[in-house]
Amino acid sequence: MVRELIGAGAIALVALVVVLVFLSVRSKTRAQEQWLPKPQPAVPGESIDVFYVTTVFADRPLDRIWAYGLGYRGKARVNAGAEGISLERDGERGFLIPSHAIVKIGSASATLDKGVERDGLTSIEWQLGEARVSTMLRFQSAQLRKRFNEQTTREGAVNG
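Residues 380 to 539, numbered by the numbering used here, are exactly what the sequence shown covers, in order.
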């Protein structure tokens, strides 16, 4: 009987934590959507498979942006064109990083909850309304990353 009570208590505790996390994310999403503008929709183009890691505030790299579904990682396709860099994400809204909003494109080894080999992440720092944010992508190979870098240069996606 004691084991059953301990088990039931543990299950209830886990359920409580899950509910609290859900409520916290929902609250943070609503708060961010009050002051962050909705990103423009993605535009079609020659795309490259990529893993979308996250978008965080550039000056607060441990603060994930949950607004408009930007907090959820997953498979995506990226393309660069004259309009900017477009991300089409599986199961989430795609979005465009306008070329005029791009501050810089660089590399990183870690972000919020993802650590990889040296320079294994591509970081796109850009302006979303009044907030400077960083979107992190992980390419499946160095060749795909190189192809993306060539695409951004060739298409003029980076004006900044």
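Every residue gets a Cβ at the ideal spot worked out from N, C-alpha and C, and that includes glycine.
In the structure shown, the three-state DSSP call for arginine 468 is strand. Look at lysine 525 here: in three-state DSSP terms it is helix. Straight through space, the alpha carbons of leucine 384 and arginine 468 are spaced by roughly 43 Å.
Straight across, the Cα-Cα distance linking arginine 409 with glycine 485 is about 30 Å.
Taking a C-beta distance under 8 Å as the contact criterion, serine 488 and valine 495 qualify as a contact pair. Under DSSP, serine 403 shares a beta bridge with no residue.
Selection Leu523, Tyr451, Glu529 and Gln522 evaluated against threonine 514 yields Tyr451 as nearest (Cα-Cα).
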